[in-house]
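Here's the structure we're looking at; comments come further down.
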Amino acid sequence: VLSRIRNAARHLLTLDEKNPRRIFEGEALLRRMNRYGLLDEGQNKLDYVLALTVENFLERRLQTLVFKSGMAKSIHHARVLIRQRHIRVGRQVVNVPSFMVRVDSQKHIDFSLTSPFGGGRPGRVKRKN
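When we follow my numbering, the leftmost residue of the sequence shown carries the number 137, and every step to the right adds one.
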């Protein structure tokens, strides 16, 4: 993903600054990077796209954000919770750990309604002797 984005930015930078294709596609690329939280609002030049690293993308994965928000004890636990359909983004249950979370969706990450963690019916209940 990163290589395709950087190649697109590199290609657009070779075009003339007044070129309508560079203006249109460049703004679309920057808008997408802002929406996913890869670039800040102030970073609105194609040069900033070339400076992106793999770590920037890894920070925006659902797995990382679930762990960083404290919903999971470890990054591995976060992956298990996501795969077992305990996590939702907004109203949608997401079971793909590599899901790229947008900035506006980040505050809507929580446990799904059907999950025992989120108030659904309990899973395994300890037997009372």
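Virtual Cβ for every residue (Gly too), placed ideally from N, Cα, C.
query	result
By DSSP, does residue 169 sit in helix, in strand, or in coil?	helix
Under a Cβ-count criterion, where at least 16 other Cβ atoms within 10 Å of its own Cβ denotes burial, should residue 203 be classed as buried or exposed?	buried
Taking Cβ positions, are residue 233 and residue 179 nearer each other than 8 Å?	no
Less than 8 Å between the beta carbons of residue 225 and residue 237, yes or no?	yes
Taking one C-beta from the region 180 to 197 and one from the region 162 to 169 each time, how about it: are there three or more such pairs within less than 8 Å?	yes
Threshold first: 4 residues or longer. Then list the alpha helix (DSSP H) segments lying entirely within the region 186 to 246, N to C.	190 to 195, 198 to 204 and 211 to 219
Hey, how far is the Cα of residue 246 from the Cα of residue 191?	23 Å
Can you give me the start and stop residues for the alpha helix (DSSP H) that residue 250 sits inside?	First-last for residue 250: undefined, no H or E at that position.
Is the CB-CB distance between residue 217 and residue 208 below 8 Å?	yes
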